[in-house]
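Structure record follows, encoded as structure tokens.
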Amino acid sequence: MKKLLSILILAAVAALPLRASVAAPARESYVMHFDSDWKIVSGLPEKAMLIGLQGLANRTAPRLYIVHAADFPWEITGPLKDFYERKHGVHFTELKTADEALAHLAQYAKGYIVWDPAVMPTMNVAYTIAGLEDGIIVTPALIPLAERHGLKLIDDLRGRYDDKTDAQIYTDAKARYWARCSHDKLMLLGGHRGDIRIPGIADWGVREKMFFHDLSANPIHADELALEKQFFSELNPGGTIFGWHVYGKDTEEQHTTLISTYGLKMEGLQSLPNLSYNCQFTFTPGFKFTNNHNVARDAKLTAQGKVYISFVQSDGIGIGVWTKPGRGRIPLAWGAIMGWVKFSPAALEYFHESATPMDYFIGGLSGPSYMYPNHIPANRFGLLMKEANDLMAALDERIFEIMDNSAADGNVGNADLTKETVDRYYAAFPNVMGFINGYGPARTRDLRDSRPLISYDYYIDPRRPREEVTADMNELIALNPKRPYFLLVHVRESNDVNSLVGVIKQLQGPVEVVPLDVFMKYAADKKTYTTRYQLPTDPKHFKGY
Amino acid sequence: MKRTLLHLFLAAWLLPLAVFAADPAFNGRWRLDTERSTALDGWSTLDLVITVDGPKVTLFHDLTWHATKVTATNVVDTAQATTAKDFFRLDQRHMAVYARPGEETPVTAGWLDAGRTLRVEAQVPLETSQGNTTMRLYQEYRLIEGDNELVLIELHNTRSRPLVYLFTRVPAEAAKK
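For the record, the sequence lines run as chains A and B.
For the first sequence, the working numbering assigns the number 729 to the initial residue and increments by one for each residue that follows.
For the second sequence, the working numbering assigns the number 9 to the initial residue and increments by one for each residue that follows.
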């Protein structure tokens, strides 16, 4: 009888258009709303404590979700909360203060670890201990709050690392904690320096018992680099580095090059929130990724004497353009973060659910996550790309994006692939319709088996005035006089689509904006571009490790 | 007769100098005012050091991109057409348009406006995604009244919108640092 009643209720619910997809009974979660204050002297200590608490509370079930302020780098925390309510039947109860949060969730912690805001690496060491010992991290000012909720001191880092270098601090921490930490995942909790930190991803590191650090990959910091190499060499094959490099200490290019050299994967950013919550939801029953393909995989299209333009946004879906007005007005390809199939499937489902017919998803970046392929060891390449192929199949993606900025540097350097790297991609991805390459412009181009590899010819900096963008694109059209001309454009995440529509209206010549899969088919038909790979003589700003 | 010939000789010798005379105010170090110039992508700062030596003008570019420092020199001749190896062009990072290393660029230059404008024209060899091409580039370096500002206006045969770069003079003492 109960079963029949359930079926009737489910049938009734299914008849309601908005709630048609509610697939699970209501489940309870808490939600907190964070403001924009991440300053070390004001907002950070409490937020750092709560994010760590989130990691503990979410160890065995999704209990705490955080919605960030409108100006937070990841703009999807609000829409994703709505998605959980709507599609997973989650009922959220708001916790308004840290005191309230501890009242409900301190039961998942065994104690507290004290870190010293005057010695910032102690925050990372405290997070490492928090994961291992089930503690929350507090500054001295927050000790009374923790103790009011029955938490006892686990460790106090004050004084332990005074006057020590970062390398000395993390060497000591490695000796104490590394053996007990995950050897599949490592937390690079970098990002901002100076007076703010945004450790949004720390919940995930605490939940997964990762070692936290912010070591430099800059060769001028030889002792830090040597220590980081030790960590990387001791990670299990196929391991993942979560977080982001430290701004100002080293560069994204240096760190990604180093990680790739060890065949490891990079999942950013240090601000990425709620992974400890998101990882516990699977796709809703019956959900299957269906991409908005515009052309059959084996179709042959005939290119006309035109300028074909296609736009791609690959900076990490969920930061920027997706939530801005205008999406859906022009065809736009999106680099979905494939690793989220494992870590954040609900977020991927949300993006697919909210995609317009103009939105098209592609795989990348360079592998199952962000990597620089010119530096991936040959003996790791095949396994990594097998993983990428599997993720692309799950996400119904047919075009793969590659990026290698290891040698790039503004107007000097290059973002190109060696012929050996290109050979490997063609061999590893027999089913893709084609590849795209670059971030800024690049010069790697090829066409094999009717499958093009096209690099970006233009990159739209959101700060560049639109009239200059228009003039730049018109100049590229003039400088590439053969028709068809294939103009692939990378759209940085903080652009907005409406401004692109304005640019397109001002372009000169027989221009047609097409979806990326159509663009690739035309590029396969008439090869008016040269075949080119990275040359030994091309300028290299950074030659690797 | 001898005096007449001498006068004719002097006139013939001095006239071109008068035509080609540059305003000495060009000499010195000039710093790009990024706020008042066309957006310069891929370079953080640009100093231009101009040295006029007879008919020859040396345009030394002192550029930075974050921690990267790059210098490049163009020497143009206002008396005759020349070719320059690796002629430097202010490229824009975000366009797939690349210089062709080692190639020669035909260059002409001259003084206009009583020596207060330097004109430079160049046929710059470039590489794009469709292969090799050439850009005709026309530049005017104009001294602005007061001699503490310099504007560079650059036209391309492939671009309908001029690129306008405004420089301010770096005082001699500061330029030495």
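Yeah, the Cβ is synthetic: ideal placement off N, Cα and C, and Gly gets one too.
Computed from a prediction, not measured in an experiment: that's the story for all the values here.
Nearest-angstrom Cα separation, counted from GLY806 of chain A out to ALA751 of chain A: With a pLDDT of only 46 at ALA751 of chain A, under the threshold of 50, the placement of this residue in the model should not be trusted, and no figure is reported.
Coarse secondary structure for LEU1175 of chain A, derived from DSSP in three states: Of the three classes helix, strand and coil, the one that applies to LEU1175 of chain A here is strand, per DSSP.
Sorted by chain position, which residues of the same chain lie with C-beta nearer than 7 Å to TYR889 of chain A's C-beta, five sequence neighbours on each side aside? Cβ neighbours of TYR889 of chain A beyond the five flanking positions: VAL847, PRO849, THR850 and ILE897.
Do GLY928 of chain A and MET915 of chain A have their beta-carbon atoms positioned less than 9 Å apart in this structure? Result no, Cβ atoms of MET915 of chain A and GLY928 of chain A do not sit closer than 9 Å.
Using the three-state DSSP reduction, which class does ALA180 of chain B fall into: helix, strand or coil? ALA180 of chain B: helix per DSSP, three-state reduction.
Could you tell me which residues DSSP puts in a beta bridge with ILE841 of chain A? Under DSSP, ILE841 of chain A shares a beta bridge with A:ILE865 and A:ASP883.
Using 9 Å as the threshold, is the C-beta distance between GLY918 of chain A and TYR975 of chain A below it? A distance below 9 Å separates the beta carbons of GLY918 of chain A and TYR975 of chain A.
Sheet register partners of PHE34 of chain B (DSSP bridge): In the DSSP assignment, PHE34 of chain B forms no beta bridge with any residue.
Which residues in chain A sit within 9 Å of THR166 of chain B, going by Cβ to Cβ distance? Correct list: ASN1202, GLU1203, LEU1204, ILE1205, ALA1206 and LEU1207.
Checking 9 Å against the spacing of the C-beta atoms, do LEU40 of chain B and LEU54 of chain B come in under that value? Cβ distance < 9 Å, so LEU40 of chain B and LEU54 of chain B count as in contact.
Only counting runs of 3 or more residues, tell me where the beta strand (DSSP E) segments fall wholly within the region 1168-1216 of chain A, in order along the chain. The region 1168-1216 of chain A contains these whole beta strand (DSSP E) runs: 1174-1176, 1179-1183 and 1186-1188.
Return the chain-ordered list of same chain residues with a C-beta closer than 6 Å to the C-beta of THR116 of chain B, the five sequence neighbours on each side being excluded. Excluding residues up to 5 positions away in sequence, ALA89 and GLU129 lie with their Cβ nearer than 6 Å to the Cβ of THR116 of chain B in the same chain.
Rounded C-alpha distance that separates SER749 of chain A from PHE1017 of chain A: Only weak support exists for where SER749 of chain A lies, its pLDDT of 40 falling under 50; the coordinates are left without a value.
With distances taken from CA atoms, which of A:GLN1008, A:LEU943 and A:ALA829 is nearest LYS977 of chain A? A check of alpha carbon separations from LYS977 of chain A across A:GLN1008, A:LEU943 and A:ALA829 identifies A:LEU943 as the nearest.
Hey, would you say MET1066 of chain A sits closer than 9 Å to SER1097 of chain A, going by beta carbons? With contacts defined as CB atoms closer than 9 Å, MET1066 of chain A and SER1097 of chain A qualify as a contacting pair.
In chain order, which continuous runs of the beta strand (DSSP E) of length 3 or greater are located wholly inside the region 1094-1151 of chain A? Scanning the region 1094-1151 of chain A for uninterrupted beta strand (DSSP E) segments of 3 residues or longer gives 1127-1130, listed from N- to C-terminal end.
Report, in whole angstroms, the separation of the C-beta atoms of GLU157 of chain B and PRO170 of chain B, which I expect to be a contact under 8 Å. Incorrect: roughly 17 Å between the Cβ atoms, too far for contact.
Tell me where the beta strand (DSSP E) around LEU163 of chain B begins and ends. Taken as a continuous stretch (DSSP letters only), the beta strand (DSSP E) holding LEU163 of chain B covers 157-164.
Following the continuous beta strand (DSSP E) through GLU43 of chain B, name the residue where it begins and the one where it ends. Where GLU43 of chain B is concerned, there is no enclosing beta strand (DSSP E), given that its DSSP letter is neither H nor E.
Note down the Cα distance separating MET1113 of chain A from ALA107 of chain B, rounded to an integer number of angstroms. Distance between the alpha carbons of MET1113 of chain A and ALA107 of chain B is about 34 Å.
Cβ separation of GLY1095 of chain A and ALA1064 of chain A, assumed to be a contact under 8 Å, to the nearest whole Å: About 14 Å separates the CB atoms of GLY1095 of chain A and ALA1064 of chain A; that is not less than 8 Å, and the two are not in contact.
Using a threshold of 9 Å, state whether the C-beta atoms of TYR1184 of chain A and GLY1168 of chain A are closer than that. It is a contact, given that the beta carbons lie within the stated cut-off.
Starting from ARG1256 of chain A, find everything on chain B with Cβ-Cβ shorter than 7 Å and list it in chain order. According to the sequence displayed, residue 1256 of chain A carries Thr and not Arg. Chain B residues near THR1256 of chain A: GLN138.
Three-state secondary structure (DSSP) at GLY991 of chain A? Coil.
To which residues does DSSP link ARG150 of chain B through a beta bridge? Paired residue(s): B:THR125 and B:VAL159.
Please list the segments of the beta strand (DSSP E) lying wholly inside the region 1016-1060 of chain A, counting only runs of 3 or more residues, in order along the chain. At a cut-off of 3 residues, the continuous stretches assigned as beta strand (DSSP E) that sit fully inside the region 1016-1060 of chain A are 1035-1041.
Could you check the C-alpha separation between HIS973 of chain A and HIS983 of chain A for me, to the nearest Å? Between HIS973 of chain A and HIS983 of chain A, the C-alpha separation is close to 6 Å.
Along chain C, which residues have their Cβ under 9 Å away from the Cβ of PRO1193 of chain A? Structure shown: chain C not included; protein chains present are A and B.
Does the beta carbon of ALA130 of chain B sit closer than 9 Å to a beta carbon anywhere in chain A? Not closer than 9 Å to any Cβ of chain A, the Cβ of ALA130 of chain B fails to qualify, so no.
Under 7 Å by beta carbon: chain A residues contacting HIS69 of chain B: By Cβ distance, chain A contributes nothing, its closest Cβ being about 11 Å from HIS69 of chain B, past 7 Å.
If you reduce the DSSP assignment to three classes, tell me which class SER749 of chain A lands in. Reliability of the predicted coordinates at SER749 of chain A is poor, the pLDDT of 40 falling under 50, and no value is obtained from them.
If I measure Cβ to Cβ from ALA837 of chain A and keep anything under 7 Å in the same chain, skipping five residues before and after, which residues do I get? Once the five neighbours on either side are set aside, the close Cβ partners of ALA837 of chain A are LEU781, LEU784, ASP862, GLY863, ILE864 and LEU879.
Work out the CA separation of LYS1210 of chain A and GLN138 of chain B for me, nearest whole Å. Near 7 Å, if we compare the C-alpha coordinates of LYS1210 of chain A and GLN138 of chain B.
Listed in chain order, which residues of the region 73-90 of chain B have Cβ atoms closer than 8 Å to some Cβ of chain A? If the cut-off is 8 Å between Cβ atoms, the region 73-90 of chain B has TRP73, HIS74, THR76 and VAL78 near chain A.
Taking CB distances under 9 Å as the criterion, tell me whether LEU7 of chain B reaches chain A. Since the displayed chain B opens at 9 and closes at 185, residue 7 of chain B lies outside it and no answer follows.
Helix or strand or just coil, what does DSSP make of ASN1165 of chain A? ASN1165 of chain A sits in a strand when the DSSP states are folded into three classes.
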